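Residue numbers (our numbering): 33 to 431.
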């Protein structure tokens with residue numbers, strides 16, 4: 033991965049990177065329920081066609097904002113710092129999110145990418161570097177910090193979903209439920225695979241997919257016999273048509289807007305993968321999907337506007353240990369909090385606007401810090417350049 037690393041640094045890089053590329057074809061899902069800030073909700077589902085169809089017309093004009101983050105991936109250094117922050121042997125991640133909480137709490141709905149299982153009793157944590165395929169498992173108080181920061185829910189579909197096996201999936205959902213976070217991702221019951229939020233009187237469905245659900249399995253499309261339902265959230269197995277079918281089913285169940293979180297692409301590069309370039313247009317041109325939140329590359333990648341709808345191919349790292357000190361490029365410490373404004377008029381016509389706040393993980397305390405032209409301008413400029421990409425996106429930094 034990094035060229036001139038020592039053996040220890042290489043082992044660290046393997047753990048911190050996830051050691052997989054993550055590209056593929058398409059994926060699927062079904063439904064869980066919840067609310068945006070101060071609200072609650074009910075069902076959803078999946079099923080579908082290809083073109084036409086926009087958001088369901090309810091006769092109610094609405095404008096709402098959705099904030100989305102990069103990967104939350106608590107590596108060993110992050111865990112040891114959280115342990116030092118806490119008392120009585122507890123882990124405290126709250127200080128790490130404190131500076132971005134005001135941004136998140138301004139949004140009507142805030143969604144994260146939780147790239148780790150959570151352990152209810154804080155056992156078998158990923159406290160050390162593994163030389164083989166990395167296994168990630170984090171303390172249950174990650175959920176508390178994520179909720180306290182202002183998030184309403186998270187995607188749990190990623191290449192670490194199955195790192196703590198089925199028990200880890202259940203404990204992650206238990207901990208998220210305990211603090212009031214909704215989960216979109218693998219679950220035994222199809223109705224729990226999609227999160228549905230009531231936001232300002234309309235329903236927003238979130239579907240989540242990944243190219244694989246565990247690095248340690250080796251074959252990225254292998255699904256253990258004990259968990260056949262995991263294939264529902266693997267886009268390699270579902271295909272683009274499966275994803276569109278899920279989005280249509282969510283609309284048929286009453287969703288006004290459909291957001292898709294996808295764990296895809298190639299790690300540590302701004303270059304888009306063939307799968308990203310194929311899947312995003314197929315979903316956004318279908319009329320069934322309003323917005324795509326991409327993650328996994330661990331660096332910020334460009335946004336694009338397709339059929340009047342946005343995709344952010346990668347929001348980078350919100351929280352991780354990656355960076356030059358462990359053999360990664362400086363851009364691995366960059367992330368972006370994106371905020372899409374979705375508007376629908378009385379005739380059902382929709383429009384979108386995208387703004388973003390560049391962020392940086394300060395390894396002194398692993399604090400997620402907003403950056404600007406005057407505060408860490410190097411990180412800010414990297415993110416602005418990455419978001420601009422080929423110029424096909426009109427997103428602007430938040431002013």
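Where is the CB? At the ideal position from N, CA and C, for every residue including glycine. Quick caveat: nothing in here was measured; it's all calculated off a predicted structure.
By the neighbour-count criterion, in which a residue is buried when 16 or more other Cβ atoms sit within 10 angstroms of its Cβ, residue 376 is buried. DSSP places residue 383 inside the beta strand (DSSP E), whose first and last residues are 382-394. DSSP, read as helix, strand or coil, puts residue 301 in coil. If you draw a straight line from the Cα of residue 418 to the Cα of residue 212, it is about 33 Å long. Nearest neighbour of residue 276 by Cα position, chosen from 247, 239 and 382, turns out to be 239. Taking each of 204, 304, 358 and 279 in turn and checking the Cα distance to residue 293, the smallest one comes out for 279.
By alpha-carbon distance to residue 232, the top candidate from 338, 214, 363 and 141 is 141. The C-alpha of residue 323 is placed about 20 Å away from the C-alpha of residue 147. Taking all protein chains shown into account, residue 254 has fewer than 16 neighbouring C-beta atoms within 10 Å of its C-beta and is therefore exposed. Between the segment 118-126 and the segment 365-385, the count of C-beta pairs closer than 8 Å stays below three; the two stretches do not touch.
Looking from the CA of residue 203, the closest CA among 226, 169 and 187 belongs to 169. Counted as a single uninterrupted DSSP element, the alpha helix (DSSP H) harbouring residue 117 occupies residues 108-117. The criterion of a C-beta distance shorter than 7 Å is not satisfied by residue 219 and residue 226. Contact between residue 101 and residue 350 is confirmed by a C-beta separation of about 4 Å, below the 8 Å threshold. The Cβ neighbour count for residue 166, taken over all protein chains shown within 10 Å, is at least 16; the residue is labelled buried.
Using a Cβ distance threshold of 7 Å, residue 386 and residue 345 do not count as a contacting pair. The three-state reading of DSSP puts residue 419 in helix, counting H, G and I together.
According to DSSP, residue pairing for residue 237 in a beta bridge involves 228 and 290. In the DSSP annotation of this structure, residue 267 is not part of any beta strand (DSSP E); the continuous alpha helix (DSSP H) holding it starts and ends at 267-284. Comparing alpha-carbon positions, the option among 395, 416, 399 and 176 lying closest to residue 405 turns out to be 416. Taking the Cβ atoms as the reference, residue 335 lies roughly 5 Å from residue 427, within the contact range of under 8 Å. Under the DSSP assignment, residue 103 falls in the beta strand (DSSP E) whose first and last residues are 94-104. A straight-line Cα-Cα distance of about 18 Å links residue 263 and residue 307. Burial check for residue 159: the Cβ neighbour count within 10 Å stays below 16, so the residue is exposed. Within 10 angstroms of the beta-carbon of residue 242 lie 16 or more other beta-carbons, which makes it buried.
Residue state for residue 340 is assigned as coil, using DSSP reduced to three classes.
Your pair residue 365 and residue 388 does not check out as a contact, with CB atoms roughly 16 Å apart and the cut at 8 Å. A direct Cα-Cα distance of roughly 10 Å separates residue 183 from residue 98. Counting only runs of 3 or more residues that sit fully inside the segment 320-368, the beta strand (DSSP E) segments are 323-327, 332-338, 341-347 and 349-351, in chain order. With contacts defined as CB atoms closer than 7 Å, residue 333 and residue 302 qualify as a contacting pair. Note on the segment 153-184: whole alpha helix (DSSP H) runs with a minimum of 4 residues are 173-181, in chain order. Sixteen is the threshold: when 16 or more other Cβ atoms of the shown chains lie within 10 Å of the Cβ of residue 179, as they do, the residue is buried.
For residue 399, the enclosing beta strand (DSSP E) begins and ends at 399-402. Judged by DSSP in its simplified three-state form, residue 188 adopts coil rather than helix or strand. Between residue 177 and residue 136 the beta-carbon gap is near 12 Å, outside 8 Å, which marks them as no contact.
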